[in-house]
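Taking it in order: structure first as structure tokens, then the write-up.
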Amino acid sequence: MDRRQFLAASALTPALTLAASRLGFAAEGDGWIQLFNGKDLTGWTPKIRGHELGDNYADTFRVENGVIKTAYDKYEGPFRGRYGHLFYKEPFSNYILRIEYRFVGEQANGGPGWATRNSGVMIHGQDPKGMTKDQEFPVSIEVQFLGGDGKNPRQTGNLCTPGTNVVLDGKLHTPHCTNSTSDTFHGDQWVTAEIEVHAGKLIRHKINGKTVLEYTEPQLDPQDEDAKKLLAAGAAKIITGGTIALQSESHPVEFRKVELKSLPAETGAKNDPQEPCDPVELTEPGSFMIVALPDTQIYAMRPEWNKHFHNQTQWIADNAERLNIKYVLHEGDITNNNVPKQWEVAKAAMGRLDGKVPYALAPGNHDYGKNGSSADRTTMLNDYFSVEELAKVPGFGGVMEAGKLENSYHTFEANGKKYLILALEWGPRDEAVAWADKIVSEHPDHQVILLTHAYMYYDDTRYDWKTRGDKQTWNPHAYAQAKLPGGVNDGQELWDKLVKKHPGFIMTLNGHVLEDGAGRTSTPGDAGNMVHQMLANYQNRAEGGEGFMRLIEFLPDGKTIKVRSFSPSTKRCKVAEDQQFTLSL
95 MDRRQFLAAS
105 ALTPALTLAA
115 SRLGFAAEGD
125 GWIQLFNGKD
135 LTGWTPKIRG
145 HELGDNYADT
155 FRVENGVIKT
165 AYDKYEGPFR
175 GRYGHLFYKE
185 PFSNYILRIE
195 YRFVGEQANG
205 GPGWATRNSG
215 VMIHGQDPKG
225 MTKDQEFPVS
235 IEVQFLGGDG
245 KNPRQTGNLC
255 TPGTNVVLDG
265 KLHTPHCTNS
275 TSDTFHGDQW
285 VTAEIEVHAG
295 KLIRHKINGK
305 TVLEYTEPQL
315 DPQDEDAKKL
325 LAAGAAKIIT
335 GGTIALQSES
345 HPVEFRKVEL
355 KSLPAETGAK
365 NDPQEPCDPV
375 ELTEPGSFMI
385 VALPDTQIYA
395 MRPEWNKHFH
405 NQTQWIADNA
415 ERLNIKYVLH
425 EGDITNNNVP
435 KQWEVAKAAM
445 GRLDGKVPYA
455 LAPGNHDYGK
465 NGSSADRTTM
475 LNDYFSVEEL
485 AKVPGFGGVM
495 EAGKLENSYH
505 TFEANGKKYL
515 ILALEWGPRD
525 EAVAWADKIV
535 SEHPDHQVIL
545 LTHAYMYYDD
555 TRYDWKTRGD
565 KQTWNPHAYA
575 QAKLPGGVND
585 GQELWDKLVK
595 KHPGFIMTLN
605 GHVLEDGAGR
615 TSTPGDAGNM
625 VHQMLANYQN
635 RAEGGEGFMR
645 LIEFLPDGKT
655 IKVRSFSPST
665 KRCKVAEDQQ
675 FTLSL
């Protein structure tokens, strides 16, 4: 996965209309989706400490008179730490969340003193299915709501961090709770809270329209036991999205409105200049192309954006002959959750290339483990893409393990030169690197391209766990698979053990990294051959990437390579220097 994730534009676009329709609640003309339908708890699931997910103990969460209420009148005995959370059914990443709330009545018997007139909303939260029965709070960012006691100042819209940390004023901020600069609201008056969320970047709290707190880089706390489990299961340290949940902390509270407006994912022209570029033409007659498909995980996950995946592969198929497209290289994170529905989308989209253009697949971390957790090396890749079928395609060379596509090689010829493509698994094991070394040695007259999910980082350096550790987020060594037999190899290890050793290497391609999703470096191998190493990943742009992909054109002089970033969905090219450039061999 990952210079930053996904939802639709804030105007009521067709994509947002589809999303609202799927949610089942109305979307207003200005782009707001009602997460609460005003009638019942459809779309919401309770998780109360000491009880199983879905057990709404003692009717804690209920709808009365058009509001969601937390109430404790049916509790037997004292409160006894039965903190509750009402989870919305799907996660979000870039959005504004607006909630109207007020405190009413008296605190439940046995409620702790700090919880008097205390509630809130959890954002960037963990999946409640992963919470233990007795877990008090989900790992999340809490926007804390507090009511006044009638006379003393008490801010609301505060920050609390169960299992998390943030960056505040440019420094890592670890205190559990931090006060905002809000006014105090006594009595039972309604208060409007707005939370503006920009994935793994900025989060801003507003109370009654006034900004009262903002911070950046929400992240898992490696010292917290619950967060440790998420990190061990393969979660990225920087949190770019997650669940939304309303709190129940022992004082009755009412939520009158819960609505959300999607925000575009950092696509401003200043940082992401684009130009129309349809139709795409070859720079010179006699050139050929390969196409790199960066992470398609959001397209596979969200039905309203499946179209971008299909647009990519259909455009390639339609233009294969005209643009002399020799191969399509998928950089990994084909799916987001490694589940059948998403693999079916991927199979259908990639199937548009069948009989038109050969392709290679390099699975990413989200293509492994339960729900894409990358907790182990189980994948559904081979259930949907068959070695036997792909072996019929000219250029398919073979695989490391019989019947498994995680590590494969491919060859083709163009303009009098032979090319070898190595498609390696996410965080390649030592045996995969040794196998790749052998394949390259057996093809000494080929120019070699390495395709793997994690290699370059967004700061134009290679992943290097030994030197930089977790200062580079999402390194394969930070995932659970690093502890499995064979371990993992990051970019620097692949360079040292494989790439720099062979004079045939000319290029590496990877996805995975967030931030601006672009990075590259060009360094000579041991034989003096220049190796161009490139990252491209658009998943945290609008609509999961809007169909952008890399067109890599090899000019007939055998020395010049032109790289473009093009979307068949928008018919536009990105023209920043890190998105459109020329390389020399």
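The sequence shown begins at 95 in this note's numbering and counts up by one. Note that CB positions come from ideal geometry on N, CA and C, so glycine has one too.
CB-CB under 8 Å to residue i, same chain, minus the five flanking residues each way: which ones, in chain order?
| i | result |
| --- | --- |
| E170 | A152 |
| F231 | Y177, H179, M216, P256 and G257 |
| E311 | V260, V261, G294, K295 and I332 |
| T275 | Q249, V306 and L307 |
| K665 | P370, C371 and D372 |
| E438 | Y478 |
| D149 | P140 and I142 |
Let me check understanding here. Comparing Cα to Cα, which of the options lies closest to residue i?
| i | options | result |
| --- | --- | --- |
| P379 | Q674, D651 and S661 | D651 |
| A386 | D263, Q283, L544 and N259 | L544 |
| K441 | E525, Y478 and G492 | Y478 |
| G641 | A443, W529 and Q586 | A443 |
| S502 | K565, P452 and K223 | P452 |
| S480 | G585, D470 and A496 | A496 |
| A330 | N131, V607 and I655 | V607 |
| D318 | I515, F130 and Q229 | Q229 |
| I162 | F186, K133 and K435 | K133 |
| I533 | V439, G598, R614 and V347 | G598 |
| A454 | F490, H145, H626 and P434 | F490 |
| P570 | H547, L135 and W589 | H547 |
| Y573 | M494, A469, N159 and P618 | A469 |
| N212 | C271, V233 and V157 | C271 |
| I419 | E398, Q436 and F382 | F382 |
| A456 | A411, T390 and N509 | T390 |
| D221 | F181, V198, F197 and N246 | F181 |
Counting along the chain, where does the beta strand (DSSP E) carrying residue i start and finish?
| i | result |
| --- | --- |
| K532 | Run containing K532: none in the beta strand (DSSP E); it sits in the alpha helix (DSSP H), D524 to S535. |
| A152 | Where A152 is concerned, there is no enclosing beta strand (DSSP E), given that its DSSP letter is neither H nor E. |
| L645 | M643 to F648 |
| V385 | F382 to L387 |
Spatial neighbours of residue i within its chain, please: CB distance less than 6 Å, with the 5 preceding and 5 following residues excluded, ordered by chain position.
| i | result |
| --- | --- |
| G214 | E236, V237, Q238, F239 and Q341 |
| V527 | N583, K591 and L592 |
| A363 | At A363 the pLDDT is 38, less than 50, meaning the model places this residue with poor confidence; the figure from the coordinates comes in the next sentence. For A363, where only same-chain residues beyond five positions count, there are no Cβ hits under 6 Å. |
| K183 | G137 |
| K691 | The first residue shown for the chain is 95 and the last is 679, placing residue 691 beyond what the model contains. |
| N405 | G641, P662 and S663 |
| A670 | P367 |
| K168 | A152 and D153 |
| A120 | Unreliable positioning characterises A120 in this predicted model, as indicated by a pLDDT of 46, which lies under 50. A coordinate reading is not provided. |
| S344 | F173, Q201, A202, G205 and A209 |
| T656 | The sequence as given places Lys at residue 656; Thr does not occur at that position. These residues qualify, in order along the chain: T377, E647 and T676. |
Per the DSSP calculation, residue i is bridged to which residue(s)?
| i | result |
| --- | --- |
| T310 | V261 and L296 |
| G214 | Q238 |
| I392 | Its beta-bridge partners do not exist; DSSP assigns none. |
| V542 | L514 and F599 |
| T250 | According to DSSP, T250 bridges with nothing at all. |
| I428 | Looking at the DSSP assignment, I428 forms no beta bridge with any residue, so it has no partner. |
| R614 | M628 |
| C667 | E369 and F660 |
| F181 | T139 and A339 |
State the start and end residues of the unbroken alpha helix (DSSP H) segment that holds residue i.
| i | result |
| --- | --- |
| F403 | N400 to N413 |
| R562 | W559 to R562 |
| L588 | G585 to K591 |
| N476 | L475 to Y478 |
| W437 | P434 to G445 |
| A496 | Unbroken run through A496: none, as it is neither H nor E. |
Who are the Cβ neighbours of residue i in its own chain at under 7 Å, not counting the five residues just before and after it?
| i | result |
| --- | --- |
| G581 | R523 and D524 |
| D620 | K594 and K595 |
| C667 | Q368, E369, C371, R658, S659, F660 and Q674 |
| T407 | A443, M444, R446 and L447 |
| G466 | T429, N430, N431, N432 and H460 |
| F279 | G241, G242, T250 and V285 |
| P316 | K322 and L325 |
| N476 | G497, K498 and L499 |
| D186 | Residue identity check: residue 186 is Phe in the sequence provided, not Asp. For F186, where only same-chain residues beyond five positions count, the Cβ hits under 7 Å are L101, G335, I338 and L354. |
| T361 | Because the pLDDT at T361 is just 41, under 50, the model does not fix this residue reliably, and the point stays unresolved. |
| I193 | V215, A287, F349, K351 and V352 |
| G328 | N459, G463, S467, S468, A469, Y573 and A574 |
| N604 | E425, T546, H547, A548, Y549, M550 and L629 |
| N564 | Reading off the sequence shown, one finds Asp at residue 564, where the question assumed Asn. Excluding residues within five positions, the ones whose Cβ falls inside 7 Å are K331 and A572. |
| L135 | F155 and V157 |
Could you tell me how far apart the beta carbons of residue i and residue j are, in whole angstroms, since I believe they sit closer than 8 Å?
| i | j | result |
| --- | --- | --- |
| T164 | F173 | Between F173 and T164 the Cβ distance is about 12 Å, and since that is not below 8 Å, they are no contact. |
| A602 | Q627 | Just to set this straight, residue 602 is Thr in the shown sequence, not Ala. About 4 Å separates the two Cβ atoms, so the contact holds. |
| L191 | V291 | 7 Å |
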